[in-house]
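What follows is one structure encoded as structure tokens, with my remarks underneath.
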Amino acid sequence: MFLGEYHTKFTGQGRIILPKKFRFELSGGKELILSRGFEGCIWGFSIEKWKNEAEKQLEITATEEKARNLRRYLFSAAESVVLDDQGRFIISKLLLDYAQLKGEVVIVGAGDHFEIWDPLKWQKLISELMI
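Just so you know, we're using my numbering here: the sequence shown kicks off at 10 and counts up by one.
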């Protein structure tokens with residue numbers, strides 16, 4: 010399960026390191042799926058969890074407009090990335106622009122997936138959620 014909050018910086022053009030605890034959740038695999046998330050973040054899934062999520066979306070008939078739109082949203086920007094030996098990976102320009110990521114990022118656990126956020130957007134969301 011992906012848990013915790015980690016602050017990191019890009020180590021190159023769109024390249025960041027995945028926290029070690031998150032790499033452990035990939036069960037030794039080095040491939041993961043990135044896609045658009047909601048509220049302006051990027052979602053990251055292990056291959057297994059992505060397949061589970063994809064199957065859920067594909068079970069809903071494509072004749073429903075909301076289902077079609079959600080599929081388009083999730084699948085059109087989805088991409089497979091491979092971690093290097095140091096646990097780094099490159100985020101595509103499409104996703105970087107979508108999430109407005111630049112120098113620093115926050116990587117947060119969300120149970121079955123993780124999310125990559127611009128630090129200011131993350132702080133704003135958290136402050137709105139606090140009671």
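Backbone N, C-alpha and C fix where the C-beta goes; we use that ideal spot for every residue, glycine too.
Note that the structure is predicted; figures quoted are calculated from it, not measured.
{"Asked": "For the alpha helix (DSSP H) that contains Ile135, what are its first and last residues?", "Found": "Pro128 to Leu138"}
{"Asked": "Evaluate Phe84 with the Cβ neighbour count: other Cβ atoms within 10 Å of its Cβ, from every protein chain shown; 16 or more gives buried, anything less gives exposed.", "Found": "exposed"}
{"Asked": "Between which two residues does the beta strand (DSSP E) containing Ile116 stretch?", "Found": "Glu113 to Gly118"}
{"Asked": "Run through DSSP, which three-state label would Lys39 get?", "Found": "coil"}
{"Asked": "In chain order, which alpha helix (DSSP H) runs of at least 4 residues are fully inside the segment 66-90?", "Found": "74-85"}
{"Asked": "Quick one: Cα of Glu68 to Cα of Leu35, how far?", "Found": "25 Å"}
{"Asked": "Which of helix, strand or coil does DSSP assign to Glu34?", "Found": "helix"}
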